[in-house]
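The structure under discussion appears below in the form of structure tokens.
Number of protein chains: 2
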Amino acid sequence: MSGSVTVVGLGPGAPAMVTPEVTAALARASDILGYVPYVARIAPLAGLKLHPSDNREELARAGHALEIAAAGGHAVIVSSGDPGVFAMASALFEALEAAPQYQHIAITILPGITAMLAAAAAAGAPLGHDFCAINLSDNLKPWDVIEHRLRMAARGDFACAFYNPRSKSRPHQFARVLEILREECEATRLITFARAVSTADQVIHTCTLAEATPEMADMRTVVLVGNSTTRRVGSWVYSPRSAS
Amino acid sequence: MSGSVTVVGLGPGAPAMVTPEVTAALARASDILGYVPYVARIAPLAGLKLHPSDNREELARAGHALEIAAAGGHAVIVSSGDPGVFAMASALFEALEAAPQYQHIAITILPGITAMLAAAAAAGAPLGHDFCAINLSDNLKPWDVIEHRLRMAARGDFACAFYNPRSKSRPHQFARVLEILREECEATRLITFARAVSTADQVIHTCTLAEATPEMADMRTVVLVGNSTTRRVGSWVYSPRSAS
Chain A
1 MSGSVTVVGL
11 GPGAPAMVTP
21 EVTAALARAS
31 DILGYVPYVA
41 RIAPLAGLKL
51 HPSDNREELA
61 RAGHALEIAA
71 AGGHAVIVSS
81 GDPGVFAMAS
91 ALFEALEAAP
101 QYQHIAITIL
111 PGITAMLAAA
121 AAAGAPLGHD
131 FCAINLSDNL
141 KPWDVIEHRL
151 RMAARGDFAC
161 AFYNPRSKSR
171 PHQFARVLEI
181 LREECEATRL
191 ITFARAVSTA
201 DQVIHTCTLA
211 EATPEMADMR
221 TVVLVGNSTT
231 RRVGSWVYSP
241 RSAS
Chain B
245 MSGSVTVVGL
255 GPGAPAMVTP
265 EVTAALARAS
275 DILGYVPYVA
285 RIAPLAGLKL
295 HPSDNREELA
305 RAGHALEIAA
315 AGGHAVIVSS
325 GDPGVFAMAS
335 ALFEALEAAP
345 QYQHIAITIL
355 PGITAMLAAA
365 AAAGAPLGHD
375 FCAINLSDNL
385 KPWDVIEHRL
395 RMAARGDFAC
405 AFYNPRSKSR
415 PHQFARVLEI
425 LREECEATRL
435 ITFARAVSTA
445 DQVIHTCTLA
455 EATPEMADMR
465 TVVLVGNSTT
475 RRVGSWVYSP
485 RSAS
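Below, the structure written as structure tokens:
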């Protein structure tokens, strides 16, 4: 029996943003594993086993997928967005490193439309020049690493995309992020809050750094901060291709 | 007559990475505009006008799309990868800013799989933690901005993706990039050269910064540099979810 693990990106929400290769991988799956709301996006099918699990269960989920594959199954791990951006691909390789007996298993990572790029497209082109992607959650890294990266990104005049900007368990941290940005950037810097991108609930709101408040972000929001040249044209926000 | 401009991302090359919404937009187009090799990816169709143009013609191409839309046509501008990442979306908004008479035109940007995420998926998950995307071409920005950003990215311990690392007209610059990385990072830092990702010509090569040479990159290559924790497991390269 020759099983497999495939990690796929479902994109930010819209079915029309799921790539054909991901749709084909889902059709071949014997088992689908993932965080509850992502598995809920998969249509049930006779014979297809669905394994929804909790948010903080990434490593256990990855280990389970490897076990299924070792037994000959075709496990598909679903991520929102792209599996390689703050998602399940890294967790799978961590699990693989810890379990060398599984290193013969066929693994495939299939990219998806990550939230920041869908958000940027909905807003215009705020990431059209050099940019950084930063996960603002300190679940897996010290907060001072996040602060340092924010300052380096600002001093490099990178546009930035922030994932997981704010949650109920750490409501104060995004306020601190705005403080740091205000120390490093001008008050007129444009910042876009993109909530529930590509779904029926999508809201795109752009304001200046001076106008931004912590309440504008929640866990369904990706935040895009422009660079020093990012500007508006009509209702759009974009970063020109040149640096100045 | 109510025309439109849609800027779409064709992904890195594989047809199976083109999203259904992009395929649908192409099917509705009256005119398709883009850089010669990207327009060559579109199947000819009776009544569909193809407008291939040169590499350095982005602004003129964007202006042409706005003119077509103003005359009632449905212009689709095709980009490789994602249109918002070093591609045509910013050029369109630059053209729009210069031509306010077109600001009523319906514009849609449709995201695509950008090269760095397809490359990361093929290599494992080297961008699985905070990362930067930097365009190494100095066609539109001063070289010292690029050097400064490289240093800020390295000092923030970001993984990095480099677009347009090397071309015939500036063969020496990628050598300078490697020099800067060697000043800022340890010699064992992993660096992945991903050429022609998702096509039949795909080659993924990972080595250490000490082993990297300028000739490993060309214009069809996206270069991924790990952060200080990026490691190998079997034939894969990944960045763990934690910072240390």
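Chain order of the listed sequences is A and B.
Sequential numbering from 1 applies to the first sequence in the working numbering.
Sequential numbering from 245 applies to the second sequence in the working numbering.
Glycine included, C-beta positions come from ideal geometry on N, C-alpha and C.
Inset, instruction - Give the interface partners of isoleucine 32 (chain A) over in chain B, defined as CB-CB distance under 7 Å, in chain order. - result: Looking up residue 32 (chain A) in the first sequence gives position 32. Under the 7 Å cutoff, chain B gives no residues; its nearest Cβ is about 18 Å from isoleucine 32 (chain A).
Legend entry - chain B residues whose Cβ lies nearer than 9 Å to that of tyrosine 35 (chain A): To locate residue 35 (chain A), count along the first sequence from 1; it is residue 35. Within 9 Å Cβ-Cβ: nothing; tyrosine 35 (chain A) doesn't reach chain B, min ~14 Å.
Legend entry - Amino acids of chain A, ordered along the chain, whose beta-carbon sits closer than 8 Å to that of asparagine 379 (chain B): Looking up residue 379 (chain B) in the second sequence gives position 135. Correct list: His129 and Asp130.
Legend entry - Chain-ordered neighbours of aspartate 326 (chain B) on chain A, where CB pairs are closer than 7 Å: As a first step, residue 326 (chain B) is located in the second sequence; it is residue number 82 there, counting from the start. Residues of chain A passing the Cβ test: Leu117.
Legend entry - Length of the line joining the Cα atoms of glutamate 428 (chain B) and arginine 399 (chain B): Residue numbering aside, residue 428 (chain B) sits at position 184 when the second sequence is read from its first letter. Residue numbering aside, residue 399 (chain B) sits at position 155 when the second sequence is read from its first letter. Cα-Cα distance, rounded: 7 Å.
Legend entry - Test item: CB-CB of phenylalanine 131 (chain A) and alanine 403 (chain B) under 7 Å: Reading the first sequence from its first residue, position 131 is the one you call residue 131 (chain A). Reading the second sequence from its first residue, position 159 is the one you call residue 403 (chain B). Their beta carbons are not under 7 Å apart, which means phenylalanine 131 (chain A) does not touch alanine 403 (chain B) by this criterion.
Inset, instruction - Under 9 Å between beta-carbons, which chain B residues line up against histidine 148 (chain A)? List them in chain order, please. - result: Working through the first sequence from its first residue, we reach residue 148 (chain A) at position 148. Simply Arg399, Gly400 and Asp401.
Legend entry - For aspartate 31 (chain A): DSSP bridge partner residues: Position 31 of the first sequence, counted from the first residue, corresponds to residue 31 (chain A). By DSSP's assignment, aspartate 31 (chain A) forms a beta bridge with A:Lys49 and A:Ala75.
Inset, instruction - For chain B, find out if any of its Cβ atoms is closer than 7 Å to the Cβ of proline 111 (chain A); answer yes or no. - result: Translated into the one-based positions of the first sequence, residue 111 (chain A) becomes position 111. With 7 Å as the cut-off, proline 111 (chain A) counts as an interface residue toward chain B.
Inset, instruction - Specify the secondary structure class of histidine 416 (chain B) as computed by DSSP and reduced to three states. - result: If you number the second sequence from 1, residue 416 (chain B) lands on position 172. DSSP places histidine 416 (chain B) in coil when its eight states are reduced to three.
Inset, instruction - Please confirm if threonine 192 (chain A) has its CB atom under 7 Å from at least one CB of chain B. - result: For the purposes of this step, residue 192 (chain A) is identified with residue 192 of the first sequence, where counting begins at 1. So, not an interface residue.
Inset, instruction - Would you mind reading off the limits of the alpha helix (DSSP H) that contains glycine 63 (chain A)? - result: What you label residue 63 (chain A) is simply residue 63 of the first sequence in a count that begins at 1. DSSP places glycine 63 (chain A) inside the alpha helix (DSSP H), whose first and last residues are 58-70.
Legend entry - Beta-carbon neighbours of proline 484 (chain B), restricted to chain A and to distances below 7 Å: For the purposes of this step, residue 484 (chain B) is taken as the residue at position 240 of the second sequence. Contact annotation for proline 484 (chain B) against chain A: Ser90 and Glu94 [CB-CB distance below 7 Å, chain order].
Inset, instruction - Would you check if the distance between the CB atom of valine 467 (chain B) and the CB atom of proline 386 (chain B) is smaller than 7 Å? - result: Locating residue 467 (chain B) in the second sequence gives position 223, where the first residue counts as 1. Locating residue 386 (chain B) in the second sequence gives position 142, where the first residue counts as 1. No; because the gap between Cβ atoms is not below 7 Å, this pair is not in contact.
Legend entry - For threonine 23 (chain A), the three-state DSSP class (helix, strand or coil): Residue numbering aside, residue 23 (chain A) sits at position 23 when the first sequence is read from its first letter. Three-state DSSP puts threonine 23 (chain A) in a helix.
Inset, instruction - May I ask you to report which of helix, strand or coil DSSP gives isoleucine 146 (chain A)? - result: Here residue 146 (chain A) corresponds to residue number 146 of the first sequence, with the count starting at 1. In this structure, isoleucine 146 (chain A) counts as helix in the three-state DSSP scheme.
Inset, instruction - Please confirm if proline 409 (chain B) has its CB atom under 7 Å from at least one CB of chain A. - result: Here residue 409 (chain B) is taken as the residue at index 165 of the second sequence, counted from 1. By this cut-off, proline 409 (chain B) is not an interface position.
Inset, instruction - Kindly indicate which residue of A:Ile42, A:Thr108, A:Ala40 and A:Asp201 has the alpha-carbon position closest to the one of glycine 3 (chain A). - result: Your numbering for residue 3 (chain A) matches position 3 in the first sequence. The option with the nearest alpha carbon to glycine 3 (chain A) is A:Thr108.
Inset, instruction - Say whether chain A places a C-beta atom closer than 7 Å to the C-beta of alanine 260 (chain B). - result: One-based indexing of the second sequence puts residue 260 (chain B) at position 16. Yes, alanine 260 (chain B) lies at the interface with chain A (some Cβ there is under 7 Å from its Cβ).
Legend entry - Assigned secondary structure, serine 248 (chain B) (DSSP; H/G/I helix, E/B strand, else coil): Numbered from 1 along the second sequence, position 4 holds the residue referred to as residue 248 (chain B). Serine 248 (chain B) falls in the strand class under three-state DSSP.
Inset, instruction - With DSSP collapsed to three states, give me the class of phenylalanine 337 (chain B). - result: On the second sequence, residue 337 (chain B) is found 93 positions in, with the first residue counted as 1. In the structure shown, phenylalanine 337 (chain B) sits in a helix (DSSP, three-state: H, G or I).
Legend entry - Proximity winner among B:Thr457, B:Ile448 and B:Lys412, relative to arginine 439 (chain B) (alpha-carbon distances): Here residue 439 (chain B) corresponds to residue number 195 of the second sequence, with the count starting at 1. Ranking B:Thr457, B:Ile448 and B:Lys412 by Cα distance to arginine 439 (chain B) puts B:Ile448 first.
Legend entry - Where arginine 464 (chain B) sits in the DSSP three-state scheme: Sequence index remark: in the second sequence, residue 464 (chain B) carries index 220 (1-based). Coil at arginine 464 (chain B), not helix or strand.
Legend entry - CA nearest to the CA of leucine 209 (chain A), picked from A:His172, A:Leu181 and A:Leu136: Position 209 of the first sequence, counting from 1, holds the residue named residue 209 (chain A). Answer by Cα proximity: A:Leu181.
Inset, instruction - Kindly confirm or deny that the stretch 226-237 of chain A and the stretch 365-372 of chain B touch, where touching means at least three C-beta pairs closer than 8 Å. - result: When Cβ pairs closer than 8 Å are counted between the two stretches, the stretch 226-237 of chain A is seen not to touch the stretch 365-372 of chain B, the count staying below three.
Inset, instruction - Report all residues from its chain with a CB closer than 8 Å to the CB of threonine 443 (chain B); omit the five preceding and five following residues, and keep chain order. - result: Reading the second sequence from its first residue, position 199 is the one you call residue 443 (chain B). Excluding sequence neighbours, threonine 443 (chain B) sits near Pro256, Gly257 and Ala258.
Inset, instruction - Taking glycine 470 (chain B) as the query, report the chain A residues whose CB atoms sit under 7 Å from its CB, ordered along the chain. - result: By one-based count along the second sequence, residue 470 (chain B) stands at place 226. Residues of chain A passing the Cβ test: none, with the nearest at roughly 12 Å.
Legend entry - Interface partners of glycine 234 (chain A) on chain B, CB under 8 Å: Locating residue 234 (chain A) in the first sequence gives position 234, counting from the first residue. Going along chain B in sequence order, the residues near glycine 234 (chain A) (Cβ under 8 Å) are Leu340 and Gln347.
Legend entry - Straight-line gap, alanine 69 (chain A) to glycine 81 (chain A) (C-alpha atoms, nearest Å): Residue 69 (chain A) sits at position 69 when you count from the first residue of the first sequence. Residue 81 (chain A) sits at position 81 when you count from the first residue of the first sequence. In a straight line, the C-alpha of alanine 69 (chain A) is about 24 Å away from that of glycine 81 (chain A).
Inset, instruction - Could you name the residues of chain B that threonine 114 (chain A) contacts, counting a contact when the two beta carbons are closer than 8 Å? - result: Translated into the one-based positions of the first sequence, residue 114 (chain A) becomes position 114. Chain B residues near threonine 114 (chain A): Leu361.
Legend entry - Amino acids of chain A, ordered along the chain, whose beta-carbon sits closer than 8 Å to that of valine 320 (chain B): Looking up residue 320 (chain B) in the second sequence gives position 76. The contacting residues do not exist; valine 320 (chain B) stays about 14 Å from chain A at best.
Legend entry - Meets three-Cβ-pair contact criterion under 8 Å: the stretch 335-345 of chain B and the stretch 305-319 of chain B: With the cut-off at 8 Å, the stretch 335-345 of chain B and the stretch 305-319 of chain B touch.
Legend entry - Bridge partners - histidine 449 (chain B), DSSP secondary structure assignment: As a working mapping, residue 449 (chain B) is identified with position 205 in the second sequence. Answer by DSSP bridge pairing, in chain order: B:Phe437.
Inset, instruction - Taking only the alpha-carbon atoms, compute the straight-line gap between alanine 24 (chain A) and threonine 6 (chain A) and give it to the nearest angstrom. - result: Working through the first sequence from its first residue, we reach residue 24 (chain A) at position 24. Working through the first sequence from its first residue, we reach residue 6 (chain A) at position 6. Cα to Cα, alanine 24 (chain A) sits roughly 11 Å from threonine 6 (chain A).
Inset, instruction - Verify the CB distance criterion: does alanine 217 (chain A) have a CB-CB separation below 7 Å to chain B? - result: Numbered from its first residue, the first sequence carries residue 217 (chain A) at position 217. So, not an interface residue.
Inset, instruction - Taking a Cβ distance cut-off of 8 Å, strictly less, list which residues of the stretch 283-294 of chain B are near chain A, in chain order. - result: none
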